[in-house]
Amino acid sequence: MSRFIRDRIDLTEHPMILHCGTGRWPGSTGQRPVLQRNNSFVPASWRQAVAPALLLLTLVLFALPAVAQPQAREWRAGVARVKITPEKTMWMTGYGSRDHPADGTLQNLWVKALAIEDPSGRRGVLLTADLCGVTREITNQVTTELDKRHRLPRESVMVNVSHTHCSPFVEGFASGLRVFNAEDKKSFAAYRKQIEASMVQATGEALQKLAAATLGWGVDSADFAVNRRNNPEKDVPRLRAEDKLVGPVDHDVPVFAIRSTGNDVLGVVFAYACHNTTLSIYQWHGDYAGCAQEEIERRHPKAVALFVAGCGGNINPLPRREVALAEKYGRQLADAVDKVLGRPLETVRGPFRSAFAEITLGFAAQPTAQQLKVAVAGKTEGERAWATHLLSQLENGGIPMTYPYPIQAWRLGELSWVALGGETVVDYALRLKNEAGPKLWVFGYSNDVMAYIPSESILVEGGYEGKTSMIPHGKPGPWVAGLEGKIVGKARDLLQQVRAKP
Ligand SMILES: [Zn+2]
Numbered sequence: 001m002s003r004f005i006r007d008r009i010d011l012t013e014h015p016m017i018l019h020c021g022t023g024r025w026p027g028s029t030g031q032r033p034v035l036q037r038n039n040s041f042v043p044a045s046w047r048q049a050v051a052p053a054l055l056l057l058t059l060v061l062f063a064l065p066a067v068a069q070p071q072a073r074e075w076r077a078g079v080a081r082v083k084i085t086p087e088k089t090m091w092m093t094g095y096g097s098r099d100h101p102a103d104g105t106l107q108n109l110w111v112k113a114l115a116i117e118d119p120s121g122r123r124g125v126l127l128t129a130d131l132c133g134v135t136r137e138i139t140n141q142v143t144t145e146l147d148k149r150h151r152l153p154r155e156s157v158m159v160n161v162s163h164t165h166c167s168p169f170v171e172g173f174a175s176g177l178r179v180f181n182a183e184d185k186k187s188f189a190a191y192r193k194q195i196e197a198s199m200v201q202a203t204g205e206a207l208q209k210l211a212a213a214t215l216g217w218g219v220d221s222a223d224f225a226v227n228r229r230n231n232p233e234k235d236v237p238r239l240r241a242e243d244k245l246v247g248p249v250d251h252d253v254p255v256f257a258i259r260s261t262g263n264d265v266l267g268v269v270f271a272y273a274c275h276n277t278t279l280s281i282y283q284w285h286g287d288y289a290g291c292a293q294e295e296i297e298r299r300h301p302k303a304v305a306l307f308v309a310g311c312g313g314n315i316n317p318l319p320r321r322e323v324a325l326a327e328k329y330g331r332q333l334a335d336a337v338d339k340v341l342g343r344p345l346e347t348v349r350g351p352f353r354s355a356f357a358e359i360t361l362g363f364a365a366q367p368t369a370q371q372l373k374v375a376v377a378g379k380t381e382g383e384r385a386w387a388t389h390l391l392s393q394l395e396n397g398g399i400p401m402t403y404p405y406p407i408q409a410w411r412l413g414e415l416s417w418v419a420l421g422g423e424t425v426v427d428y429a430l431r432l433k434n435e436a437g438p439k440l441w442v443f444g445y446s447n448d449v450m451a452y453i454p455s456e457s458i459l460v461e462g463g464y465e466g467k468t469s470m471i472p473h474g475k476p477g478p479w480v481a482g483l484e485g486k487i488v489g490k491a492r493d494l495l496q497q498v499r500a501k502p
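So the sequence shown is numbered by the numbering used here: it starts at 1 and just counts up by one.
Listed below in structure tokens is the structure:
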């Protein structure tokens, strides 16, 4: 397939301290109570009769501090992972230029879960997946099930995908990328069910493993992320060598670590704001994020590593297209993680709080039935797929012209996380972090990857992230102006909510 076609339809080318239970009541000395004995006025016969009861009472009193100790005032955490590498061959997603299904596995794909519980018993679950996208329908199905099974409220479950383009097609994601036959569509629906079941299973296992833990965090950096709108890909090696790369980027590698009471690293959550698109191969692979997770788990054998995709909508790992480069970038992230783990961490003290909202965003243009009928016989695979998808919507109740956009905020002691839906461009993270400081982390690709989320200026400029990427994502047209203000405004509201909650 020609470069021109690939560029048009490629999704990426364009651009506790532990407060351990001491067994003491608050304010006590921790010494066992001593039973005072004064026998001088008690007759010997009575003493004999009472002695066994007295002995029993003594034993009970001695035993009391151990039996009746209060709930330990500490954080608990558990991690789990479930393999999601497809058993059968399937079409891969991400690039519209692929012309045949996957032909093997180079690296396994995983769903991973981190369950946390604050000292008052409030629980949260972070689910990450080596997938290109996740849909609102999948997240809703999973969170409804988790509420039913574990009483986890919607706002306390966060889902993030790594955006690896070497993962399978999932029903409902990137509906305008390619036209598929009924058999293929059946496999995408079945894989969607497998993903939902895996997320529920991983959560159940992580909750079962909840145990006393120390949670801490820190931030390091890695510099392989390049703003792809501002630097032509072919020029990047030269521009890097000349220190002339331009455009906004976020090189932070935030690291959230979970250690056991024995100080073993049990879990590492780490994030990076960059498209997970080093590779365009035909084998399943987690790309640089998969390599980083494997490397961290190799260096810390008791740990599960969870990669969280940041706001890397307009950012690429450059140069790219070699497995060796994905491995190199993975090692760079693992090194950043180890640098943080080697320093004193900021300890999570304080409560877990969560908030979730959907705001309404609109689409600016609606194609007519006539336009779609022309496009359905269009020249490119992407054009045909987009028109086919929208015609199907038109015939089944109409093309939705608004979209419920998800925003989530978590508070972990002094640290806050904001999780934004879609392929959020880096400008969102930079703006929110600039306002709130280093104790805020901003994630993209969370809960629903429905489209690119351009900043207001990128929306006006257009190009791939501002306009034409709506085709592979199967949306009727660009977003209505004003989305950046709405998203940032609601993110601020939710942050205030989680910080104000007692
Ligand atoms: Zn993308």
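Don't be surprised by glycine CBs; every beta carbon is placed ideally from N, CA and C. Bear in mind that the values here come from a model prediction, so they are computed numbers and not experimental data.
Local conformation of Trp46 per DSSP, three classes: Taking the sequence shown and counting its residues from 1, one reaches residue 46 at position 46. Bear in mind that the predicted position of Trp46 carries a pLDDT of just 48, short of 50, making it too unreliable to give a figure here.
Start-to-end residues for the beta strand (DSSP E) that takes in Gly133: For the purposes of this step, residue 133 is identified with residue 133 of the sequence shown, where counting begins at 1. Unbroken run through Gly133: none, as it is neither H nor E.
3-residue-minimum beta strand (DSSP E) runs that sit fully inside the region 332-407, ordered along the chain: 352-362
When Lys302, Phe224 and Arg240 are compared against Ile258, the one with the closest alpha-carbon: What you label residue 258 is simply residue 258 of the sequence shown in a count that begins at 1. For Ile258, the closest alpha carbon among the candidates Lys302, Phe224 and Arg240 is that of Lys302.
Cross-strand partners of Gly310 (DSSP beta bridge): Within the sequence shown, residue 310 is the residue found at index 310, counting from 1. In the DSSP output, where bridge partners are listed per residue, Gly310 has Phe443.
Gly204 vs Gly474 beta-carbon contact at 7 Å: Position 204 of the sequence shown, counted from the start, is the residue given in the question as residue 204. Position 474 of the sequence shown, counted from the start, is the residue given in the question as residue 474. No; because the gap between Cβ atoms is not below 7 Å, this pair is not in contact.
Three-state secondary structure (DSSP) of Ser177: Working through the sequence shown from its first residue, we reach residue 177 at position 177. Going by the sequence as given, residue 177 is Leu instead of Ser. It is coil, neither helix nor strand.
Residues near Ala289 in its chain [Cβ-Cβ closer than 6 Å; skip 5 each side]: One-based indexing of the sequence shown puts residue 289 at position 289. Excluding positions up to five away in sequence, the list reads Ser162, Asn276 and Phe307.
Euclidean distance between Cα positions of Leu146 and Thr368: In the sequence shown, the residue the question calls residue 146 occupies position 146. In the sequence shown, the residue the question calls residue 368 occupies position 368. Going by the C-alpha atoms only, they are around 41 Å apart.
Beta-carbon proximity of Ala273 to Gly218, cut-off 7 Å: As a first step, residue 273 must be located in the sequence shown, where it is residue number 273. As a first step, residue 218 must be located in the sequence shown, where it is residue number 218. No, Cβ-Cβ distance for Ala273 and Gly218 is not below 7 Å.
6 Å Cβ shell around Val111 - same chain, five flanking residues per side excluded: Counting from 1 along the sequence shown, the entry for residue 111 is found at position 111. These residues qualify, in order along the chain: Val82, Ile84, Ala129, Ser198, Met199 and Ala202.
C-beta contact flag for Val125 and Val159 at 7 Å: For the purposes of this step, residue 125 is taken as residue 125 along the sequence shown, with counting starting at 1. For the purposes of this step, residue 159 is taken as residue 159 along the sequence shown, with counting starting at 1. No, these two residues do not count as a Cβ contact at 7 Å.
Cβ-Cβ separation, Val179 to Thr388 (assumed contact under 8 Å), whole Å: Working through the sequence shown from its first residue, we reach residue 388 at position 388. Working through the sequence shown from its first residue, we reach residue 179 at position 179. Confirmed, about 6 Å.
Three CB pairs or more closer than 8 Å across the region 425-440 and the region 244-253: yes
Sheet register partners of Val268 (DSSP bridge): Locating residue 268 in the sequence shown gives position 268, counting from the first residue. In the DSSP output, where bridge partners are listed per residue, Val268 has Ala257 and Ala305.
Between the CA atoms of Leu361 and Leu495 - distance to the nearest angstrom: Position 495 of the sequence shown holds residue 495. Position 361 of the sequence shown holds residue 361. Cα to Cα, Leu495 sits roughly 20 Å from Leu361.
beta-carbon Glu519 near ligand 1 non-hydrogen atom, thresh 6 Å: Residue 519 cannot be examined here, being either before or after the span of the chain that is shown, 1 to 502.
Cβ-based neighbour list, Lys503, same chain, cut-off 6 Å, excluding 5 preceding and 5 following: One cannot answer for residue 503 here, as it falls past the ends of the chain, which runs 1 to 502.
Of the residues Lys467, Gly350 and Arg76, the one placed nearest Leu507, counting alpha carbons only: Because the chain here runs from 1 to 502, residue 507 falls outside it and cannot be looked at.
Where Gln107 falls, given that 16 or more other Cβ within 10 Å makes a residue buried: Numbered from its first residue, the sequence shown carries residue 107 at position 107. When all chains shown are included, Gln107 counts as buried.
Per-residue burial, Val374 [other beta carbons within 10 Å of its own, 16 or more giving buried]: The residue labelled residue 374 in the question sits at position 374 within the sequence shown. The residue in question, Val374, is exposed, as its Cβ has fewer than 16 Cβ neighbours within 10 Å.
Helix, strand or coil at Leu420 according to DSSP, with G and I counted as helix: Position 420 of the sequence shown, counted from the first residue, corresponds to residue 420. Reduced to three states, the DSSP call for Leu420 is strand.
Contact between the region 309-323 and the region 180-197 (3+ Cβ pairs under 8 Å): no
Spatially closest choice to Asp287 from Gly466, Asp338 and Leu325, by CA coordinates: By one-based count along the sequence shown, residue 287 stands at place 287. For Asp287, the nearest C-alpha among the options comes from Leu325.
Simplified DSSP assignment, three categories, for Val507: Here the chain covers residues 1 to 502 and nothing more, so residue 507 does not appear.
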